[in-house]
Structure formats: structure tokens, C-alpha cells
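Enquirer: Every number in our numbering is 195 more than the matching position in the sequence shown, counting from 1. Ideal Cβ positions, reconstructed from N, Cα and C, are used throughout, including at glycine. Fair warning: this is a prediction, and the values are worked out from it, not measured in the lab. After the C-alpha cells below, expect a handful of questions from me.
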Amino acid sequence: MEHALRRLRELDKEIRLLEHIGSLLGWDQETYMPSAGIDERSQQHAVIQGLVHERKTADEIGGLLAQLGAREDRPAGSPDLSGLDAAFVRAVFREYNRNTKLPSSLVKKLARETSLAQRAWGQARQESDFSIFAPKLSEIVKIVLEISERLGYDGHPYDPLLDEYEPLMKTEKVRQVFRDLRRQLVPLLERVKAAEPVDDASLYGKFPQEAQREFGLFVLEKMGYEFNRGRMDKTVHPFTTTLGRDDVRITARYDEGFFSSGFFSIIHEGGHGLYELGFGKELEGGILAQACSLGFHESQSRLWENLIGRSLPFWTYFYPLLQDRFPDALADTGLKKFYRAINKVQPSHIRVEADELTYNLHIILRFELELKLICGELPVDELPDAWRQESRELLGITPEKDSEGVLQDIHWSMGAIGYFPTYCLGNLYSAQIMNTLRSEISDLDALLSNGSISVVLKWLRKNVHAWGARCTPSELCKKISGNELNASYFMKYLEAKYRDLYDI
Ligand code: ZN
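What follows is the structure in C-alpha cells.
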């Protein structure tokens, strides 16, 4: 058994190395690659992806897993295995199982169709004409349903799709939590809408790019980001990528006419990056040295971006420094006014620009439509109308153009159905995590107010990051908060914050 484990670790390590090489190609493509490099770069990606798939489905891995006693009803292998070894076998078995259940013809078909669909989506969005994208989306829904059938499920056909991003999470559970959230969010939004609007004009002054970058780096360093283990470069759509255990890079974009766009995406990606840099040493950069789910990944970025980065104690320390850097834009705006401005609530059509409160309604909207698509209750052609109707009910606004509605996000064209809920789960986890953090660091606000924000990282390292993917998201959520995922922590947080902000 020792020998089988050792060999499985070797094979796993090589897969991770190949994946990191793929990340390097992707990072370069999004930052510095000259545009004409795209043709061969696509071929390079395909070669690496092919190798990774081959390695993940190798017969040798299947043989080793069998030797270790892993099977469908016992994914963690023989009862003799425990702790880290059992978690390792469970993770490899899960990956092997998912990959071998899908025939390579289906995987290739998905790759081909999504590449065509992304092009069609780009054109459809530009022309705001859903009919260009509709036939491609129908094809993708068909393929995704076949994937779901192949992977198998007991409850809902959406389960295996969700499971890819949020291991072992069930559709019914998400539905129940989102229903609860919606029931409380919509009336809160109504109260905010009825209140005196917030003036956020100060955020639309002049914010030179270089000064934004320097300020971002300064805050990242205060958070605990080590720049001998990462870097920050410019891109169009910000992301975080892991090139190695000690090489996690983030990217940023800047809008010189609007402060929030650049800064909050830097701190958001910083949260993702710190998670990737914090996996326990004993996980040895293998399959367990990764986030336990996408929802948890998003909990880390949103915790920094919103629960810390949009809080008054945080800005009590940082705002005078920000004013020094941007005197033209901010000299006449006081701390309280700035704090209200960065937390302004305003229902809008575009998800990625949404505030902390309405953001989740955007996700609930997509989740409900995805479920209907997967169950065959909603034909693709009727999607734009269904979107408008949901938007009216949830946000109280109706997009005039499909480019601001059903066509705004790239995910469906990439075949990523089951992905959207994780954005909202991230917000819920973040509040649940923060509740425990606050109870253990009782003087948190005082520490934040004097700039000691790295206490947050220290706590997250120990309680969240170090675990990597040793636990499932539901296990980790219970371990941290003593409770299973639910909407009450997040709602309590929002209620308190906006009651004060909007005087409601
Ligand atoms: Zn994120």
C-alpha cells in the first residue's frame, strides 16, 4: 500500500506540474503575448490539455486506486488509510472517475462546440442579437445534459454539473438556500431604494493609472501578499493564476475615471491569490493543494473585497493615505462620505458591476434559468423573455438590449453551466467565515482601523487556507462555523450594514 501511495503521489505531482505549465501559457497570453502569437498559443494549449487529460485517465492511476481500495461506494479507499492519505485518495479517485466517465469523443465535441459558441456569443453580444447565439446554446445544453447523464445522479440532472465546481453540493440545497436569501433580499432592496440616494460622484474623478497601481500594491502588501511569491500585471479581465506553489500571480485593470473598478478588483484578486499561497506544506503541491471548491475560492476574494475592503474600519486607516495619492479627486470628500459612496446600492443590468446587495439577485436569476434549461422547462428561444421577466421581479428593472441581459456573460458559451451559483455561495460562506473570525478576534475593528489588516490573513491561513482540498466545502463550512451553509449570516451582515448606511 505504501508503494502504491508513493507512486500515485508521483503521478499526481506530474499532472499538477503540467497544469501549472498550462497556466503559464494562459497568463502570458492575457498579459504580454503579442497578438499574432495566438495561433500557435492555441495549439500549445491543446497539446498541454491533451497531455493532462491523458495523465488523469491513465490506466496506471486506475490500477493504483484499485490497489488502494478506492471504489464508488468507498472513494477514500481502504479503511486502513486515514487522514491525509485518505483525503488524497478520495480526491484522486474523484478526478479519475469524472474524467474516465466521459468518453474522449464527448470531451472533444464539447471543446469544438464551445469554441464555436464563444465566437457566436461574441458576435451576438456585439450586435445584441440573441438569435445568433441561440442555436449554439441549444447544442451546448444538449452536450451538457449528456455529460450529466454519463456522470450519473440520484436527485437532479443539475447535480453533476454543480458538483464539478462545488464538490458534493446538491441542487436542492442551493435551491433552498437561495429561496431563503431571495425572500429576505428583495424587501431589503425595496427599503434601500426608498431611502435617500447616496452620492458617489467623488469616485468618478481623476485617478491616474500608475498611482492606482502603487496604491493597490501597497494594500496587497499590508494584506500579507509576498511579492517574492507573486506579482501583479495589467490585463483586460482580471484573474488570478497559479504557476507554482510559490508563484501565484494576480492581474488588474484600471479605469482612470472611476476608482472602484480598479481598486476593488485588485483586492478581490488579492484574496484569491492569498488563498492559493496558503495551502498547507504537507499537501506538497499535489491535488489537495487547491481550493476545496469554487464557492470557497470566491469566499476568500469577497471577504477581502467587501467584508474588509468596503468596511469603515479598513478605510479609517487607508482613506487618508488614499486622499494623499489622489488629492484632485478626493481632497474635498470626507471619510464617511467616501465610505457611503463605495457602498452605494443601485440595481443595474450588468452583474460584474453590481453592488454587494444586488449582486446575489443577479446570481439567483441565472441559477433559476439554468435549472429550467436543464429540466427542459424553458426552450432556449424563450430565454431572453424569461430573463427580462426575472430581472423585473428580482431587480425591478428590465434590460432593453439582450447585450445588457441574457448575452452579458461568457459562461454558457463555454459550457460552464452549474458555475454561477458558486459566486453567491462565496458571499454566503464569506459572511459565515467572518462571523467566526470576529468572535475569535474580538478587537478586529480596532486592528483594522490602525492598519493591522494582516491579522485577517493569519486567521484565514490557519482556519481556511491550510486545509486546501482536504475537506469537502460542506465539511469545511461546518468545521469553521459550526453550522452548515445558510443565508442567515450574510443577511444579518447586510441588514446591519445597510441599516446604518441608508438610515433605514
Ligand atoms: Zn473571484
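Is it the case that the CB of E322 approaches a heavy atom of ligand 1 more closely than 6 angstroms?
Expert: Your numbering for residue 322 matches position 127 in the sequence shown. No, since every heavy atom of ligand 1 falls outside the 6 angstroms radius drawn around the Cβ of E322.
Enquirer: Tell me which same chain residues have a C-beta within less than 6 angstroms of the C-beta of F509, skipping the five on either side of it?
Expert: Translated into positions along the sequence shown, residue 509 becomes position 314. The answer, listed in chain order, is I503 and L643.
Enquirer: I'd like to know whether the C-beta atoms of V575 and S323 end up nearer to each other than 7 angstroms.
Expert: Counting from 1 along the sequence shown, the entry for residue 575 is found at position 380. Counting from 1 along the sequence shown, the entry for residue 323 is found at position 128. Contact flag unset, no.
Enquirer: Can you tell me whether R201 is buried or exposed, with buried defined as 16 or more other CB within 10 angstroms of its CB?
Expert: Locating residue 201 in the sequence shown gives position 6, counting from the first residue. Exposed is the call here.
Enquirer: Beta-carbon within less than 7 angstroms of R145's beta-carbon, same chain only, minus the 5 sequence neighbours each way: which residues are those?
Expert: The structure shown does not extend to residue 145, since the chain is modelled only from 196 through 699, so no value can be given for it.
Enquirer: Is it buried or exposed for F422, if we count other Cβ within 10 angstroms and need 16 for buried?
Expert: The sequence position of residue 422 within the sequence shown is 227, counting from 1. Exposed, by the Cβ-count rule.
Enquirer: In the DSSP output, which residue or residues are listed as bridge partners for V443?
Expert: Position 248 of the sequence shown, counted from the first residue, corresponds to residue 443. The partner list for V443 (beta bridge, DSSP) reads T437.
Enquirer: For R426, I'd like the list of residues in its chain whose CB is within less than 6 angstroms of its CB, leaving aside the five on either flank, ordered along the chain.
Expert: Numbered from 1 along the sequence shown, position 231 holds the residue referred to as residue 426. The answer, listed in chain order, is R444.
Enquirer: Examine the Cβ distances between the stretch 248 to 256 and the stretch 221 to 228 and report whether three or more of them are shorter than 8 angstroms.
Expert: Taking one beta carbon from each stretch, the stretch 248 to 256 and the stretch 221 to 228 have fewer than 3 pairs nearer than 8 angstroms; the two do not touch.
Enquirer: Closer than 6 angstroms by C-beta to F410: which residues in its own chain qualify, once you throw out the five before and the five after it? Chain order, please.
Expert: Along the sequence shown, read from residue 1 onward, the residue named residue 410 stands at position 215. Correct list, in chain order: R520.
Enquirer: Exposed or buried, which one is H467 when buried takes at least 16 other CB atoms within 10 Å?
Expert: The sequence position of residue 467 within the sequence shown is 272, counting from 1. By the neighbour-count rule (16 or more Cβ atoms within 10 Å), H467 is buried.
Enquirer: What is the DSSP secondary structure of R269, reduced to helix, strand or coil?
Expert: By one-based count along the sequence shown, residue 269 stands at place 74. DSSP places R269 in strand when its eight states are reduced to three.
Enquirer: Can you find at least 3 beta carbon pairs, one from the stretch 378 to 390 and one from the stretch 549 to 568, that sit closer than 8 angstroms?
Expert: yes
Enquirer: What does DSSP give as the partner residues of M427 in its beta bridges?
Expert: For the purposes of this step, residue 427 is taken as residue 232 along the sequence shown, with counting starting at 1. Bridge partners of M427: I445.
Enquirer: As a quick check of your reading: which residues have a C-beta less than 7 angstroms from at least one non-hydrogen atom of ligand 1, in chain order?
Expert: H463, H467, H492, E493 and S496
Enquirer: On a Cα-Cα basis, can you pick out the residue from L212, E359 and A406 that is closest to P522?
Expert: Locating residue 522 in the sequence shown gives position 327, where the first residue counts as 1. Taking only the C-alpha atoms, the option nearest P522 is A406.
Enquirer: With DSSP run on the structure shown, which of helix, strand or coil describes D223?
Expert: Taking the sequence shown and counting its residues from 1, one reaches residue 223 at position 28. Helix, per DSSP.
Enquirer: What is the DSSP secondary structure of E341, reduced to helix, strand or coil?
Expert: In the sequence shown, the residue the question calls residue 341 occupies position 146. In this structure, E341 counts as helix in the three-state DSSP scheme.
Enquirer: Considering only residues of the same chain and omitting the five flanking positions on each side of D375, which have a CB-CB separation below 6 angstroms?
Expert: Within the sequence shown, numbered from 1, the residue matching residue 375 stands at position 180. Within the same chain, D375 has close Cβ partners A682.
Enquirer: Is the beta carbon of A199 sitting closer than 7 angstroms to the one on L259?
Expert: Here residue 199 is taken as the residue at index 4 of the sequence shown, counted from 1. Here residue 259 is taken as the residue at index 64 of the sequence shown, counted from 1. Contact: yes.
Enquirer: Can the beta-carbon of F454 be found less than 7 angstroms from the beta-carbon of E500?
Expert: Here residue 454 is taken as the residue at index 259 of the sequence shown, counted from 1. Here residue 500 is taken as the residue at index 305 of the sequence shown, counted from 1. Result no, Cβ atoms of F454 and E500 do not sit closer than 7 angstroms.
Enquirer: Which one of E416, K596 and L623 has the shortest CA to CA distance from F513?
Expert: What you label residue 513 is simply residue 318 of the sequence shown in a count that begins at 1. Selected option, being the one with the closest Cα: E416.
Enquirer: Within its chain, find whatever has a CB closer than 8 angstroms to the CB of A286; leave out the 5 residues flanking it on each side and keep chain order.
Expert: Residue 286 sits at position 91 when you count from the first residue of the sequence shown. Correct list, in chain order: I482, L483 and A664.
Enquirer: Give the straight-line distance between the Cα atoms of I233 and R448, rounded to the nearest whole angstrom.
Expert: On the sequence shown, residue 233 is found 38 positions in, with the first residue counted as 1. On the sequence shown, residue 448 is found 253 positions in, with the first residue counted as 1. If I take the Cα positions, the gap works out to 21 angstroms.
Enquirer: Kindly indicate which three-state DSSP category A549 falls into: helix, strand or coil?
Expert: The residue labelled residue 549 in the question sits at position 354 within the sequence shown. A549 falls in the coil class under three-state DSSP.
Enquirer: Starting from L259, follow the alpha helix (DSSP H) in both directions and report where the run begins and ends.
Expert: For this step, residue 259 is matched to residue 64 along the sequence shown. Taken as a continuous stretch (DSSP letters only), the alpha helix (DSSP H) holding L259 covers D254 to Q262.
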